[in-house]
Amino acid sequence: MAELVSDVVDGSSLSEDWVSAKTTRAFVVKGVNTGTPTERMIEAFTYTGIPITGDQHPATELSHLYVANKRLENIDSQTFKILCDYAPLDATQLPPSETRPAQISVGGSVTSTQTNKDKDGTDIKLEANSTLKLEEQSGLVTKQIPMVTIGFARHEPDAPDTKARDYVGKLNSASFLGIDSELVLCTRISGISNNGGESYQVQYEFQYNPDGWEATVVRIDPNTGVPHKDVDSSASMTKTVDLYETINFNNLNLQ
1 MAELVSDVVD
11 GSSLSEDWVS
21 AKTTRAFVVK
31 GVNTGTPTER
41 MIEAFTYTGI
51 PITGDQHPAT
61 ELSHLYVANK
71 RLENIDSQTF
81 KILCDYAPLD
91 ATQLPPSETR
101 PAQISVGGSV
111 TSTQTNKDKD
121 GTDIKLEANS
131 TLKLEEQSGL
141 VTKQIPMVTI
151 GFARHEPDAP
161 DTKARDYVGK
171 LNSASFLGID
181 SELVLCTRIS
191 GISNNGGESY
201 QVQYEFQYNP
211 DGWEATVVRI
221 DPNTGVPHKD
231 VDSSASMTKT
241 VDLYETINFN
251 NLNLQ
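Our numbering applies: residue 1 is where the sequence shown begins, and numbers increase by one.
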């Protein structure tokens, strides 16, 4: 009957650099005496009590390390050594989970909007010209608005189609990443499977707009196709509207 000897000294190691620690645990399986050589190796490699890829290190001080690689060495025809290399793994490399904190990335991008105001908030107007019989006219221009883009990535067990339908195009109904409600828009949730649909590498993308996502509708002069020259903040000239539904992004368990 096979026997497992855990955490043998021979083959074990521990190292550390300025990024993180790495360690190797060694196990010996004795008395594997049935089956072909390949079958005996498989029995030893998968023997109960030996960690599998993605398992967390049992020591509290090294609990941030996970099994990244396993390898087997023959000692003799019935005795095998299994070496488990532990290293830091991010949420895209660990076994599928929808609750483990995701890998996060932060950057910037721009989005287009139309406005009738300059950088100081002053209405854009073209002056009247009596010589040319031109009346004062408001202007409408396209402006690129900088946005903070927040991304998450995680290895998950299921396709994210339901999440995409539920969350994309909606704002945060509650504080998210410390950001107040209705300031973060979910712009993308997508997944790709490299194993025939058994699990998915899922990507999440959000945009943060500190000014909010409300839209201001400005009365357009039908004769000119631009904002009316007398446009002001009165209800007959402008109106601020909510365009997006809200949902609690915290239910995605990304942090």
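Ideal Cβ positions, reconstructed from N, Cα and C, are used throughout, including at glycine.
Does DSSP put residue i in a helix, a strand or coil?
i, result
"residue 34", "coil"
"residue 50", "coil"
"residue 129", "strand"
"residue 122", "coil"
With a threshold of 7 Å between beta carbons, is residue i in contact with chain B?
i, result
"residue 194", "Any reference to chain B falls outside this structure, which holds one protein chain only."
Roughly how many angstroms separate the alpha carbons of residue i and residue j, rounded to a whole number?
i, j, result
"residue 250", "residue 31", "51 Å"
"residue 69", "residue 248", "37 Å"
"residue 28", "residue 5", "5 Å"
"residue 56", "residue 66", "4 Å"
"residue 169", "residue 126", "36 Å"
"residue 106", "residue 188", "15 Å"
"residue 211", "residue 253", "26 Å"
"residue 59", "residue 25", "11 Å"
"residue 137", "residue 186", "37 Å"
"residue 156", "residue 12", "32 Å"
"residue 19", "residue 140", "52 Å"
"residue 121", "residue 160", "41 Å"
Under the DSSP definition of a beta bridge, which residues are partnered with residue i?
i, result
"residue 74", "80"
"residue 105", "151"
"residue 29", "4, 80"
"residue 99", "Beta-bridge pairing links residue 99 to no other residue."
"residue 86", "23, 67"
"residue 141", "115"
Practice prompt. May I ask you to verify whether the region 100-116 touches the region 62-81, counting CB pairs closer than 8 Å and requiring at least 3?
Written response: no
Discussion item. If contact is defined by three or more beta carbon pairs under 8 Å, each pair taking one atom from either stretch, is the region 95-109 in contact with the region 35-49?
Written reply: no
Discussion item. As an exercise, report each continuous alpha helix (DSSP H) stretch of at least 4 residues that is fully enclosed by the region 163-225, in chain order.
Written reply: none
Worksheet item: Okay, do the region 129-144 and the region 81-95 touch, 3+ Cβ pairs below 8 Å being the bar?
Response: Segments in contact, no.
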